[in-house]
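To start, the structure under review is shown below, and the notes come after it.
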Amino acid sequence: MSELRDLYQEVILDHNRHPRNFGELAEANREADGFNPLCGDKIKVHLVVDEDDRIADIRFEGSGCAISTASASVMTETLKGKTVDEARALFHTFHDLVTGKTEGDLGELGKLAVFAGVAEFPVRVKCATLCWHTTNAALEESADAVSTE
Ligand code: ZN
4 MSELRDLYQE VILDHNRHPR NFGELAEANR EADGFNPLCG DKIKVHLVVD
54 EDDRIADIRF EGSGCAISTA SASVMTETLK GKTVDEARAL FHTFHDLVTG
104 KTEGDLGELG KLAVFAGVAE FPVRVKCATL CWHTTNAALE ESADAVSTE
């Protein structure tokens with residue numbers, strides 16, 4: 004577990020300093036804003052979902068603590084190229100992970116697994132999950148729009 008903790012520090016620092024997929028996305032067709040009042044983290048997620056329901060591109064903007072920024076950065080890397088259904092499944096997997104409900108092998112989670120460290124700090128769970136809730140909202144909103152058209 005100490006190896007995972009070192010990796011946790013390393014990934015958080017790295018992705019906070021150099022967030023991946025940060026910025027606007029002019030051609031986005033799904034967007035949502037998120038706010039975590041407990042910490043002051045703000046995020047906006049932009050997505051391009053193609054006709055096959057695949058996340059062709061994803062970017063985020065905002066300002067927040069190191070955990071919220073690093074989590075959003077790793078999330079965008081993870082979700083790019085995934086289908087909307089896969090993204091929803093990963094959202095639940097990630098939520099279980101950071102709330103300490105995941106048991107056994109974390110190997111298949113890839114880089115997301117380092118966020119298991121968040122489970123030791125309950126006040127940080129919302130920082131880590133904000134970007135996922137926001138992405139989920141963006142994807143849900145689109146589902147509503149499609150059904151009313
Ligand atoms: Zn935070």
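Residue numbering for the sequence shown follows my numbering, starting at 4 and increasing by one per position.
Glycine included, C-beta positions come from ideal geometry on N, C-alpha and C.
Spatial neighbours of residue i within its chain, please: C-beta separation below 8 Å, excluding the five flanking residues on both sides.
{"i": "glutamate 27", "result": "His49, Arg62 and Glu64"}
{"i": "valine 51", "result": "Leu28, Glu30, Ala31, Asn32, Arg33, Ile58, Ala59, Asp60 and Ile61"}
{"i": "lysine 114", "result": "Val14, Val77, Glu80 and Thr81"}
{"i": "aspartate 91", "result": "The residue asked about is misnamed: residue 91 is arginine in this sequence, not aspartate. Asn139 and Leu142, listed in sequence order."}
Taking the Cβ atom as the reference point for each residue, do residue i and residue j lie within a distance shorter than 8 Å?
{"i": "leucine 82", "j": "isoleucine 58", "result": "yes"}
{"i": "serine 66", "j": "lysine 45", "result": "yes"}
{"i": "cysteine 130", "j": "glycine 37", "result": "no"}
{"i": "valine 101", "j": "valine 14", "result": "no"}
{"i": "valine 117", "j": "leucine 16", "result": "no"}
{"i": "cysteine 42", "j": "serine 71", "result": "yes"}
{"i": "alanine 154", "j": "asparagine 19", "result": "The chain is shown only over 4 to 152; residue 154 falls outside these bounds and no answer can be derived."}
{"i": "asparagine 24", "j": "threonine 79", "result": "yes"}
{"i": "histidine 95", "j": "threonine 132", "result": "no"}
{"i": "glycine 120", "j": "leucine 7", "result": "yes"}
{"i": "aspartate 154", "j": "valine 87", "result": "Residue 154 lies beyond the range of the chain shown here (4 to 152); nothing can be said about it."}
Within the same chain, show all residues whose beta-carbon is closer than 6 Å to that of residue i, passing over the 5 residues directly before and after it, in chain order.
{"i": "serine 145", "result": "Note on serine 145: pLDDT 46, under 50, position unreliable in the model; no value is reported."}
{"i": "serine 150", "result": "Unreliable placement is indicated for serine 150, whose pLDDT of 26 sits below 50; the coordinate value is still reported in the next sentence. None."}
{"i": "lysine 85", "result": "Ile58"}
{"i": "alanine 35", "result": "Val48, Thr137, Ala140 and Ala141"}
Quick check: is any heavy atom of the ligand ZN less than 7 Å from the C-beta of residue i?
{"i": "asparagine 39", "result": "yes"}
{"i": "arginine 36", "result": "Rather than arginine, the amino acid found at residue 36 in this sequence is aspartate. Flag unset: Cβ of aspartate 36 not near the ligand ZN."}
{"i": "isoleucine 46", "result": "no"}
{"i": "isoleucine 15", "result": "no"}
{"i": "alanine 70", "result": "Note on identity: in this sequence residue 70 is isoleucine, with alanine being the wrong assignment. At least one heavy atom of the ligand ZN is nearer than 7 Å to the Cβ of isoleucine 70, so yes."}
{"i": "cysteine 134", "result": "no"}
{"i": "glycine 67", "result": "yes"}
Only counting the same chain, and skipping five residues up and downstream in sequence, which positions put a Cβ closer than 7 Å to that of residue i?
{"i": "glycine 158", "result": "Absent from the model: residue 158. The displayed extent of the chain is 4 to 152, so no value can be given."}
{"i": "histidine 1", "result": "Since the displayed the chain opens at 4 and closes at 152, residue 1 lies outside it and no answer follows."}
Exercise for the section: Taking only runs that begin and end inside the stretch 7-33, name each unbroken alpha helix (DSSP H) of 4 or more residues, in chain order. Expected result: Taking only runs of at least 4 residues, no alpha helix (DSSP H) segment lies wholly in the stretch 7-33.
Practice task
Report the residue ranges of all alpha helix (DSSP H) runs contained in full by the stretch 74-140; include only those spanning at least 4 residues, in chain order.
Solution key: List check, alpha helix (DSSP H) in window: 87-101.
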